[in-house]
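Input: a single structure, listed below in structure tokens.
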Amino acid sequence: MIKQNPQRKHIRDDKLPHFFCPGCGCGQVLNYFLRAVDEENINLDEMVTIGGVGCTARIPVYLKTDTLHGVHGRTLAWATGIKLHKPEIPIVIFAGDGDLASIGGNHFIHAARRNLDVTVILVNNLNFAMTGGQVAPSTPSELKTMTAPYGNKEPDFDICKLAIAAGATYVSRWTTDRPNQVIKGIKDAMKHKGFSLIEIISQCPTHFGRYALDSGNPQVLLDWIKDLTLTKTQADKLTAQEQKGKFIIGEFIKEDKPVYTGSSVYKEACQ
Amino acid sequence: MSEKKAYQERVQSGVHFMAGNYATVEGAIAAGCDFFAGYPITPANEISEGMSKRLPAVGGAFMQGEDELASIFAVAGASLAGAKAMTATASAGFNYKQEGIGYASAIEAPCVIVDVQRCRGENFASQADVMQMRWGASGDYETICLAPSSVQELFDYTVKAFNLAETFRNPVIVMSETTIALMRERLEIPDPKDLKILNRRYTHQKPGEYMTYKANPNQAPDFAPLGKGYHNLYSINPHDERGGIDWDPEVFDKLYQRITGKISENKDQICETQSYHMSDASLAVIAYGSEVRPALDAVEMARAGGIKVGLLKLVTVWPVAEKQIKEVASQVSAILSVEMNIGKYSREIERVSGGRCPVHYVTKNKGSGHTKEEIYQAIKEVWK
Ligand SMILES: Cc1ncc(C[n+]2csc(CCOP(=O)(O)OP(=O)(O)O)c2C)c(N)n1
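If you read the sequences in order, they're chains A and B. Residue numbering for the first sequence follows my numbering, beginning at 454 and increasing consecutively. Residue numbering for the second sequence follows my numbering, beginning at 818 and increasing consecutively.
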């Protein structure tokens, strides 16, 4: 007998098979998210999920939730409007690194600054995957991509640091090969009141793997990520120079601050 | 009623002496607007300023976005969450609204966008965005665009814009202008009971039965709230009636037929015009927005001199009031199309007239509106 994935009940009817490439991390993230949902007894009927444009942005399209999708980079702008009108609706955003840190970068830093009460699950596959493997603001320096054939000549963003500097109140980073930590991270991010970001370093064997590592084998890419991964405790013992080019994982910030309820709030006393 | 209390009333009934931008704010709030997001730009600033005071006081939410894109997409999000939502900008900012107008049209989110038209970076008078109101976003879609000519009409048409947006679940654009937005005039706000306010239809169906995009031909679908188990999927990608992404050309065709058809096939219900001195006219001036004012003065000057000229004012600029323009073109021996740009909408009038009579372009692109004398002069020349 073929056993069905217990999370299958959360997937829209007739929408499988999904369109992710074999070995892509997006399927894993979808799975981890649904495990977190079930373990926390979260009712997806009450949730809005959002994706912009990209491979990652397709994750919410499969979910039995209310979903907004299909415009590149505007996820947090949509979320802000929904949240200001219906603050009680929980919102989870699935964003690619291009969607969040390139075209949507301005919305990202401002939503973090305002401490908008949403959860952002960033799937950082280190390139623009859906469009064919172009260089992204998150692509490590010197690596080859479709549009960096001689190696990337730009420095990359540390998106977690960017979020913290902008005012995010929950930030953590994990990798797709650490299911338990990712699931716990997603739970913590969803439980957190305020702007929460969980960055998941993910493998794109089809594009990033082939251009940067000369291999379309997901295992090669996962091993490469693993070799470059340091826990926060390990990283703390190293100099900034030694930390360069490493994926530092862990929870970086968790604090309580007032959440955004609008740019102007009525005070009768002022009138 | 204390002044404090009055401030919390949505409808500020009575006679006011008010600037156009504030009249826009009052129109929106009277219409039930409960979400506004904007980004600073002159000459639209008083709309944000007014909204930041008035909206929170009546229980709505105000956001100053980090840019116009944030504002229009927040408006789309709020609208899908059930809000009556609006944004306002001026020409340079209107460029950025297009992306959101395209999205809101595709997924049928009612919203109102005010464009206080200005000239290339300066706050001079202009009607140069008239084509962008209709054709600015990528993809196939329809818009409704209303052109007020006075402070009173800024109030009235903003109310109308919300009603149309809710009825057709489509973005509606209020085509404001520097001229009327910054001008103070008499404004009479009616009693709440005399205001016609329309709201979108909510579904009576249960989750599971309901389909986000299932609707009668050329009609908007019923609306289902977020977070109640309806599993609405609002994707700009081609979608079926459930909202699921579907690449079947027939599905695409059916969807776009309805999305565009709900405006284009209901044109006669949507389009409004006003006629002045038209019953015996053998010449017609056609104008919209602030240009209606000098045009009407010019028509009356010409009438005093025995010229049988009338005026057709376009309340609705998009969709084109084809029926009314055709009727005029059949009645008169020539049309003068008056507008404040290089001659954009005149081509529409020429197209619709279809050779029934010649169309003369009376256009001005100098950062100021026509004077009545200029239009009068043009009428005299055509009359000769
Ligand atoms: C306005 C706009 N610009 C560009 C594109 C093309 N585009 C599609 S997906 C994408 C980015 C994909 O990268 P990312 O957001 O990192 O997501 P991934 O596919 O890697 O998960 C781009 C640029 C688009 N759809 N819309």
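All residues carry an ideal CB built from backbone N, CA and C; glycine is no exception.
task: Would you kindly check if the distance between the Cβ of B:I1087 and the Cβ of B:I1076 is under 8 Å?
output: no
- request: Quick one: list the residues of chain B neighbouring A:D519, beta-carbon separation under 7 Å, in chain order.
  value: L1043, G1044, Y1047, H1048, N1049
task: Pull out every residue of the segment 520-546 of chain A whose Cβ sits closer than 7 Å to any Cβ of chain B, in chain order.
output: T520, L521, H522, G523, V524, R527, A530, W531, A532, T533, G534, I535, L537, H538, K539, I542
query: So which of A:E652, A:F661, A:I639 has the shortest CA-CA distance to A:A601?
result: Ranking the options by Cα distance to A:A601, first place goes to A:F661.
Helix, strand or coil at A:H522 according to DSSP, with G and I counted as helix: In the displayed model, A:H522 falls within a strand according to three-state DSSP.
- request: Check whether the Cβ atoms of B:H1056 and A:K517 lie closer than 8 Å to each other.
  value: no
Under the three-state DSSP convention, the category B:W1135 falls into: strand
field: Contact list for A:K468 against chain B, beta-carbon separation under 8 Å
entry: G1061
query: Is the shortest distance between the beta-carbon of B:A847 and the beta-carbons of chain A less than 8 Å?
result: no
- prompt: Does any C-beta atom of chain B lie closer than 8 Å to the C-beta of A:V718?
  reply: yes
query: Along chain A, in chain order, which residues have C-beta atoms closer than 9 Å to that of B:A898?
result: V501, G534, I535, K536, L537, H538, K539, I542
field: Of the listed residues B:F853, B:V968, B:V1145, nearest to B:G1106 (C-alpha basis)
entry: It is B:V968.
- prompt: Can you find a heavy atom of ligand 1 that lies under 7 Å from the Cβ of A:V588?
  reply: no
query: Going by alpha carbons, who is nearest to A:K685 out of A:G698, A:I574, A:E704, A:N670?
result: A:E704
query: DSSP three-state call for B:T1188: helix, strand or coil?
result: coil
task: Indicate whether at least one CB of chain A lies closer than 8 Å to the CB of B:E885.
output: no
task: Report the rounded CA-to-CA distance for A:C613 versus A:E652, giving the unit in angstroms.
output: 7 Å
query: Does any CB atom of chain A fall closer than 8 Å to the CB of B:S869?
result: Under the Cβ distance rule, B:S869 counts among the residues neighbouring chain A, one pair being separated by less than 8 Å.
field: B:H1021 burial status per 10 Å Cβ neighbour count (16 or more: buried)
entry: exposed
message: Only counting the same chain, and skipping five residues up and downstream in sequence, which positions put a Cβ closer than 6 Å to that of B:P965?
response: L971, Y974
query: With 8 Å set as the bound, which would you pick, yes or no: does the beta-carbon of A:G478 sit closer than that to a beta-carbon of chain B?
result: no
task: Starting from the Cα of B:Y958, find the closest Cα among B:Y1073, B:E1067, B:V1102, B:L1153 and give me that residue.
output: B:Y1073
query: Would a C-beta distance cut-off of 8 Å place B:V1149 and B:A1195 closer than the cut-off?
result: no
- prompt: Of all Cβ atoms in chain B, is any one closer than 8 Å to the Cβ of A:N559?
  reply: yes
field: Identified DSSP bridge partners for A:W677
entry: By DSSP's assignment, A:W677 forms no beta bridge with any residue.
- prompt: Based on the DSSP output, what are the partners of B:A902 in its beta bridges?
  reply: Answer by DSSP bridge pairing, in chain order: B:F852.
query: Looking only at C-alpha atoms, which of A:A589, A:K710, A:M454, A:Q481 sits nearest to A:V635?
result: That would be A:Q481, whose Cα lies nearest to the Cα of A:V635.
query: Shorter than 8 Å from the beta carbon of A:H563 to some beta carbon of chain B?
result: yes
Neighbourhood of A:G557 by C-beta, 6 Å cutoff - its chain only, sequence neighbours within 5 removed: G526
message: Short of 7 Å in beta carbon distance, which residues of its chain neighbour B:G831, apart from the five on each side in sequence? Order them along the chain.
response: I1006
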